[in-house]
Amino acid sequence: MKTTLICAGFGGQGVMVAGQILCYTACETTDKFVTFFPSYGVEMRGGTANCYVVIGDEEIGAPMVNHVNNLMVFNTPSFEKFVDYLEPGGNLFINTSVVKERPTRTDINVIEVDAGTIAIELGSSKCLNLVMAGAFVGYTGVLPEENCVQTIFKKLGAKRPEMNPINEAAFRKGLEIGKAARK
Amino acid sequence: MQEKKFMKGCEAVAEAAVRAGCRFYAGYPITPQNDVPEYFSRRMPQVGGVFLQGESEVASANMLLAAAASGTRAMTTSSSCGISLMSEAISWLAMHHLPAVIGNFQRGGPGIGSIQPSQQDYTQATKASGNGGFQMIVLAPSTLQEAADMTYEAFDLADKYSFPVLVLLDGFTGTMMEPVAMPEAKSDEEVAAIKASKTWVPRGREKDHTLHNITDGAPLQERNIREAEMYEAWKTTEVKWEEYLTEDAELIISGYGIAARIAKSVVNDLRKAGYKVGLIRPIRVNPFPAQAFEKLNYEKLRGILCTELSIPAQYAVDVRNVVHGRTPVGTALSSGGEIITADAIYEAAVEMYGKL
Chain A
729 MKTTLICAGF GGQGVMVAGQ ILCYTACETT DKFVTFFPSY GVEMRGGTAN
779 CYVVIGDEEI GAPMVNHVNN LMVFNTPSFE KFVDYLEPGG NLFINTSVVK
829 ERPTRTDINV IEVDAGTIAI ELGSSKCLNL VMAGAFVGYT GVLPEENCVQ
879 TIFKKLGAKR PEMNPINEAA FRKGLEIGKA ARK
Chain B
68 MQEKKFMKGC EAVAEAAVRA GCRFYAGYPI TPQNDVPEYF SRRMPQVGGV
118 FLQGESEVAS ANMLLAAAAS GTRAMTTSSS CGISLMSEAI SWLAMHHLPA
168 VIGNFQRGGP GIGSIQPSQQ DYTQATKASG NGGFQMIVLA PSTLQEAADM
218 TYEAFDLADK YSFPVLVLLD GFTGTMMEPV AMPEAKSDEE VAAIKASKTW
268 VPRGREKDHT LHNITDGAPL QERNIREAEM YEAWKTTEVK WEEYLTEDAE
318 LIISGYGIAA RIAKSVVNDL RKAGYKVGLI RPIRVNPFPA QAFEKLNYEK
368 LRGILCTELS IPAQYAVDVR NVVHGRTPVG TALSSGGEII TADAIYEAAV
418 EMYGKL
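Chains as they are written, first to last, in the working numbering: chain A, 729 to 911; chain B, 68 to 423.
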């Protein structure tokens with residue numbers, strides 16, 4: 729089994745961190761092989777940012793893939809650029825707070841996540857990436873959810889422990905949305 | 068071996084260097100390897116080493132030269148155009164027979180090029196990293212585990228021959244993340260013992276030992292003859308490559324570094340589709356593993372497909388020189404920062420293979 733994922737959005741939306749949380753969890757708490765490849769423009773904020781995540785049971789060849797079975801889009805340009813990278817039967821996670829477009833193709837699963845709004849309601853717009861990551865884990869079940877929460881505490885809580893409750897709530901809200909969409 | 072840690076390529080290289088006993092690093096920032104100096108700047112003070120950001124690549128490489136002359140295990144890294152700026156000092160390292168490790172995280176070129184990954188410095192790395200026709204052992208990792216292990220090994224090789232060693236990486240390997248098990252760290256005593264073993268170290272006026280150039284023709288020729296013998300010996304003692312499913316293969320895909328990593332997954336996909344395909348991957352690109360190609364059974368071979376992130380092809384030239392017309396040598400290439408896709412290699416292989 730190989731899970732391939734592109735997370736894409738603007739710089740500053742936490743796209744890389746969303747991918748990394750999944751990767752750290754895979755590396756540190758499972759026996760799976762995992763690679764992470766970031767791709768971004770020269771801007772710190774507002775530029776394009778995307779990352780390629782591959783999680784598999786066997787050694788991973790290409791860490792950057794042009795067909796994926798999962799796509800997380802945080803903004804409209806990313807939606808437009810990557811939607812055709814999805815294989816038939818693939819999963820599209822849309823941050824509907826920002827992306828108003830919907831795919832014309834009908835051979836993919838669309839999981840709508842109002843991540844931006846949820847994040848603001850929880851008290852910090854910054855945690856929208858964790859809502860998205862939660863939805864991915866909830867829908868696909870690729871990684872153990874509690875391990876992801878622990879990774880969030882470990883990696884993000886190290887510098888900002890006061891954010892732990894909001895971060896956890898954001899991830900759990902995402903999980904809920906993902907699981908509900910699976911049914 | 069320790070537990071695997073999820074690391075960036077740049078960090079894996081820097082940490083492996085520290086563990087190998089590297090106690091001097093000088094460099095100048097350039098994407099995509101900025102995480103190397105950043106990591107060293109944090110790490111070196113913890114082990115009593117020196118981190119210096121030079122005012123330029125030229126200065127940094129000359130600092131490396133001086134540090135190497137002091138017997139300290141020393142390193143610099145840069146990317147493509149930065150390595151070009153360092154080439155004078157690298158040539159001088161070779162002239163003075165000084166051990167040092169240089170890492171090149173290749174990006175698109177020529178000139179300032181792009182910040183994206185490439186493999187466009189192959190010829191420079193393997194044949195002319197500076198004036199004077201010297202050669203270096205060139206290690207070419209294709210995973211982050213190899214990047215760490217080979218960086219570690221590079222310091223031993225540098226000391227073994229008292230010569231500069233190049234680790235030829237690319238922007239992809241530098242910026243991607245993957246689990247890595249770090250090699251054992253050398254103790255302070257071991258690091259000190261390595262330094263003390265270098266009895267040739269110049270000690271200034273006191274003992275009248277200084278580095279000197281050979282500037283006369285005849286002695287310089289003698290020196291270069293000895294060097295040529297060393298390069299020749301490497302072809303049997305220092306050559307390293309990986310063969311994967313080559314036994315019954317009718318088509319060989321060949322490349323190094325990131326291209327080979329992508330190619331390996333293509334070989335698996337082609338095998339599933341019934342194609343008898345194998346992989347030859349140089350683990351070191353200099354000395355070139357001619358043996359890997361000499362032992363192929365050319366009677367049943369349909370061809371060799373070379374893949375690399377360089378247009379025009381550079382690695383394929385070395386393969387053609389060894390194969391010498393015994394089978395067609397094709398290419399699947401990308402350049403300038405574009406990363407060749409598994410699909411492109413797959414399609415080129417199917418075309419070259421012909422009928423199943």
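Positions of the beta carbon are idealized from the N, C-alpha and C atoms, including for glycine. These numbers were taken from a predicted model, which means no experiment stands behind them.
In terms of Cβ geometry, residue 400 (chain B) and residue 378 (chain B) form a close pair [threshold 7 Å]. Around residue 208 (chain B), the same chain offers 214 and 217 as residues with beta carbons nearer than 6 Å, after the five sequence neighbours per side are excluded. With 16 or more other Cβ atoms inside 10 Å of its own Cβ, residue 185 (chain B) counts as buried. Separation of residue 205 (chain B) and residue 230 (chain B) (C-alpha to C-alpha, rounded to the nearest whole angstrom) is 12 Å. Separation of residue 804 (chain A) and residue 422 (chain B) (C-alpha to C-alpha, rounded to the nearest whole angstrom) is 44 Å. Against residue 73 (chain B), the close residues of chain A are 751, 752, 755 and 756, in the order they occur along the chain (beta-carbon pairs closer than 7 Å). Approximately 4 Å separates the beta-carbon atoms of residue 106 (chain B) and residue 81 (chain B); this is inside 8 Å, confirming the contact. For the options A:831, A:788 and A:861, the alpha carbon positioned closest to that of residue 907 (chain A) is the one of A:861. Looking from the CA of residue 878 (chain A), the closest CA among A:739, A:742, A:738 and A:757 belongs to A:757. Shown here, residue 208 (chain B) sits in coil according to DSSP, grouped into three states, outside any helix or strand. Distance from the CA of residue 90 (chain B) to the CA of residue 143 (chain B), rounded to the nearest whole angstrom, comes to 11 Å. In terms of CA proximity to residue 244 (chain B), A:752 leads the group A:778, A:889, A:752 and A:813. Residue state for residue 131 (chain B) is assigned as helix, using DSSP reduced to three classes. Interface flag for residue 790 (chain A) against chain B is set, since a Cβ pair is found closer than 7 Å. In its chain, beyond the 5 residues on either side, 343, 344, 345 and 368 have a beta carbon closer than 8 Å to the beta carbon of residue 316 (chain B). No residue range can be given for residue 230 (chain B), since it is assigned to no alpha helix (DSSP H) and is classified by DSSP as neither H nor E.
The beta-carbon of residue 332 (chain B) is placed less than 7 Å from the nearest beta-carbon of chain A. If you draw a straight line from the Cα of residue 335 (chain B) to the Cα of residue 350 (chain B), it is about 19 Å long.
The three-state secondary structure of residue 376 (chain B), taken from DSSP, is coil. By the neighbour-count definition (other C-beta atoms within 10 Å, threshold 16), residue 325 (chain B) is a buried residue. As the crow flies, the alpha-carbon of residue 239 (chain B) is around 12 Å from that of residue 171 (chain B). Note on the stretch 756-804 of chain A: whole beta strand (DSSP E) runs with a minimum of 3 residues are 761-768, 776-784 and 796-801, in chain order.
When beta bridges are read from the DSSP output, residue 323 (chain B) appears opposite no residue.
Residue 794 (chain A) belongs to the set of residues whose beta carbon lies under 7 Å from a beta carbon in chain B. Comparing alpha-carbon positions, the option among B:390, B:415, B:385 and B:257 lying closest to residue 398 (chain B) turns out to be B:415. Here the alpha carbons of residue 169 (chain B) and residue 911 (chain A) stand approximately 55 Å from one another.
The DSSP assignment places complete alpha helix (DSSP H) segments of no fewer than 4 residues inside the stretch 255-297 of chain B at 255-263, in order along the chain. By the neighbour-count definition (other C-beta atoms within 10 Å, threshold 16), residue 183 (chain B) is a buried residue. Just measuring C-alpha positions, the residue of B:242, B:267, B:360 and B:289 sitting nearest residue 309 (chain B) is B:360.
Residues of chain B with a Cβ closer than 8 Å to the Cβ of residue 762 (chain A) are, in chain order, 73, 245 and 246.
Going by C-alpha positions, residue 853 (chain A) is about 28 Å away from residue 796 (chain A).
At a cut-off of 7 Å between beta-carbon atoms, residue 409 (chain B) makes contact with chain A. Against chain B, a Cβ distance below 7 Å from residue 766 (chain A) picks out 242. Residue 192 (chain B) and residue 235 (chain B) have their C-alpha atoms roughly 7 Å apart. Look at residue 109 (chain B): its C-beta is not under 7 Å from any C-beta on chain A.
When DSSP states are grouped into helix, strand and coil, residue 102 (chain B) belongs to the helix group.
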